[in-house]
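Sequence positions in the sequence shown follow mature numbering (1 follows the signal peptide of the UniProt record, and there is no 0) and run -22 to -1, 1 to 154.
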Amino acid sequence: MEGKRIVHLVYVMVMLISAASADEKDKVDIETKEDGEGVKISCVNSKLLDKDGKILNQTEIVLAYQDDNSREYTCEAGGKSMSIFVKFRTCDNCVDLDVGTVAGIVVGEVIATALIGVAVYLLASQPQGKVYRQANKASDRQNLIQNQQNDSTYQPLSHGNASEYSQLEPRRGRKH
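Below is the structure:
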């Protein structure tokens, strides 16, 4: 009796293992790995199809980092299929910022800010020019030459000349 049990148990185990291995053969799986030049897509137990359904007749493909390779890829075997969408976004005009570049930019900004601050301080701290009041002109401090009759430096005023500009116009009366 016990021998029959062992035979049945071995038979069940063999059936389970064969069913699992058959299931493994029908299983469709996609593996991806990042490569130095791009992305490697591998189809396990299946063929690789393009977005248009075109069979690529290979189980793996290496896609370069280009926008043209952005599309859906499908692995198909025995009526089962699995798809993966690959999207590449490349940057043509990008700048690679490493630690040295960022440190250089920060140090440059600090130096520029300090120089502007020093320039503003030096301009603001200059002594102001002396502010002269109305009565404190240079002519007030200078000794003027006296007008003497026998001195020919100045021409005497003519009181008798009645030219157009020698008298003021009389004021007009206010209008009410």
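Glycine included, C-beta positions come from ideal geometry on N, C-alpha and C.
Annotated as proximal: residue 27 and residue 54, with beta-carbon spacing under 8 Å. Counting only residues of its own chain and dropping the five nearest sequence neighbours on each side, residue 38 has a CB closer than 8 Å to the CB of 18, 19, 20, 21 and 26.
By the neighbour-count definition (other C-beta atoms within 10 Å, threshold 16), residue 41 is a buried residue.
Between the C-alpha atoms of residue 77 and residue 86 there is a straight-line separation of about 14 Å.
Taking 8 Å as the cut-off, the beta carbon of residue 51 is found closer than this to the beta carbon of residue 64. Contiguous beta strand (DSSP E) elements confined to the stretch 1 to 82 occur at 7 to 12, 16 to 22, 25 to 27, 38 to 42, 49 to 55 and 58 to 64, taking only those with 3 or more residues. Shown here for residue 59: same chain residues with a beta carbon closer than 7 Å to its own, the five before and five after excluded, namely 6, 52 and 53 in chain order.
Straight-line measurement puts the Cα of residue 9 at about 11 Å from the Cα of residue 23.
Between residue 68 and residue 45, the C-beta spacing is below 8 Å.
Residue state for residue 146 is assigned as coil, using DSSP reduced to three classes.
Of 36, 66, 57 and 49, the smallest CA-CA separation from residue 12 is found for 66.
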